[in-house]
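Novice: Residue numbers (the numbering used here): 1 to 316.
First, the structure itself, so that you have it in front of you.
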């Protein structure tokens, strides 16, 4: 990270060592930037401008009012950012995972909630169907979810099991050409806005993690209800709630992947999703640093701005 000019004012005894470290860090950033393609640089610039103009000014209001940023999500969809690495033939932007990480970082820098909505739709919902779905499922459940008009969610966590994919107590019983599903999923992001979810349920408890299936469940569906919206400490512009399945019937054709492959699918999707989560973390951290840096220049103490004190400079 390149040092801010106003912060490089250090005591003689330490300045050489610290400035040397600062120079090395700046060189690393320049080297990394040089490795980005023209497409990646353009994407970063576009996402940053969007975040600064469309998200940053309203992020606090959205969070305080628990308001879903529908207009902004649709604009992100028009930009291809709700389906960054989905193939163009399915309606996606056709970019790579590096592009996805860059987009996640810049959008999350402007609004953490919007970053979560974008991440869940890209990685956990679309990513699952793209990696493990058949052609009919991809056409039906990917393409309509790429332009921001619709978003999906991912139902893995449970009240008693957390996100332990191998311990799903939600069960699915095959009855002819459909599954009867009962159980409760917890802490599901995008729950109130989603129009489909990836669901994990146990079909054969005796097989443990090999007895779990994954399903695509349209929302709303008969037998599927939503719990109350959770009042979280932050990221409140995206809804989080329980999904409650009570004799919810799901067609057999909506099973995702092979019979018993649910655990493998969950692990694969979570691994891929961590790229987006890392981008979110970087963006949020950068936004926090930006705020702290701005404040340190405005706040006066002992007749000078905070950023003139060495302890603040070292932290920077």
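Ideal Cβ placement from N, Cα and C applies to all residues, glycine included.
Which ranges does the alpha helix (DSSP H) cover as unbroken runs of at least 4 residues, wholly within the region 161-231, from first to last along the chain?
Specialist: If we require 4 residues or more, the region 161-231 turns out to have no alpha helix (DSSP H) run fully inside it.
Novice: Taking 7 Å as the limit between beta carbons, can you name the residues of its chain near residue 115, skipping five residues before and five after?
Specialist: The sequence position of residue 115 within the chain shown is 115, counting from 1. Excluding sequence neighbours, residue 115 sits near 104, 107, 108, 280 and 283.
Novice: For residue 317 versus residue 37, is the C-beta spacing smaller than 9 Å?
Specialist: In the structure as shown, the chain starts at 1 and stops at 316, and residue 317 therefore has no counterpart that could be examined.
Novice: Measure how close the beta-carbons of residue 201 and residue 181 come, nearest whole angstrom, since I'm counting them as under 8 Å.
Specialist: Counted from its first residue, the chain shown places residue 201 at position 201. Counted from its first residue, the chain shown places residue 181 at position 181. Indeed they touch by this definition, with Cβ atoms about 6 Å apart.
Novice: To the nearest angstrom, report how far apart residue 265 and residue 91 are at their CA atoms.
Specialist: One-based indexing of the chain shown puts residue 265 at position 265. One-based indexing of the chain shown puts residue 91 at position 91. Going by the C-alpha atoms only, they are around 23 Å apart.
Novice: For residue 256, does the three-state DSSP call read helix, strand or coil?
Specialist: Residue mapping note: residue 256 aligns to position 256 of the chain shown, counting from 1. Reduced to three states, the DSSP call for residue 256 is strand.
Novice: Going by DSSP, what residue range makes up the alpha helix (DSSP H) through residue 246?
Specialist: Residue numbering aside, residue 246 sits at position 246 when the chain shown is read from its first letter. Where residue 246 is concerned, there is no enclosing alpha helix (DSSP H), although the beta strand (DSSP E) it sits in stretches over 240-251.
Novice: Does DSSP put residue 318 in a helix, a strand or coil?
Specialist: In the structure as shown, the chain starts at 1 and stops at 316, and residue 318 therefore has no counterpart that could be examined.
Novice: For residue 261, name the three-state secondary structure that DSSP assigns.
Specialist: Position 261 of the chain shown, counted from the first residue, corresponds to residue 261. The answer is coil: DSSP assigns residue 261 none of H, G, I, E or B.
Novice: Whose C-beta lies closer than 7 Å to the C-beta of residue 63 among residues of the same chain, with five residues either side of it excluded?
Specialist: Residue numbering aside, residue 63 sits at position 63 when the chain shown is read from its first letter. Answer for residue 63: 113, 234, 236 and 237, listed in chain order.
Novice: Helix or strand or just coil, what does DSSP make of residue 144?
Specialist: Numbered from 1 along the chain shown, position 144 holds the residue referred to as residue 144. Helix, per DSSP.
Novice: For residue 156 versus residue 191, is the C-beta distance shorter than 9 Å?
Specialist: As a first step, residue 156 must be located in the chain shown, where it is residue number 156. As a first step, residue 191 must be located in the chain shown, where it is residue number 191. Cβ atoms of residue 156 and residue 191: not closer than 9 Å.
Novice: In three-state DSSP terms, what is residue 93?
Specialist: Working through the chain shown from its first residue, we reach residue 93 at position 93. Reduced to three states, the DSSP call for residue 93 is coil.
Novice: Around the Cβ of residue 299, are there at least 16 other Cβ atoms within 10 angstroms (buried) or fewer (exposed)?
Specialist: Residue numbering aside, residue 299 sits at position 299 when the chain shown is read from its first letter. Exposed.
Novice: What is the DSSP secondary structure of residue 301, reduced to helix, strand or coil?
Specialist: Here residue 301 corresponds to residue number 301 of the chain shown, with the count starting at 1. Strand.
Novice: Does the Cβ of residue 296 have 16 or more other Cβ atoms within 10 Å, making it buried, or fewer, making it exposed?
Specialist: The residue given as residue 296 occupies position 296 in the chain shown. Buried.
Novice: Is it buried or exposed for residue 302, if we count other Cβ within 10 angstroms and need 16 for buried?
Specialist: As a first step, residue 302 must be located in the chain shown, where it is residue number 302. Exposed.
Novice: Grab the span of the alpha helix (DSSP H) containing residue 50 for me, first residue to last.
Specialist: Here residue 50 refers to the residue found at position 50 of the chain shown. From DSSP, the alpha helix (DSSP H) with residue 50 extends over 38-50.
Novice: Grab me the residues of residue 232's own chain with a C-beta within less than 8 Å of its C-beta, minus the 5 sequence neighbours each way, in chain order.
Specialist: Counted from its first residue, the chain shown places residue 232 at position 232. If we look at residue 232 and ignore the five residues flanking it on each side, its Cβ neighbours are 240.
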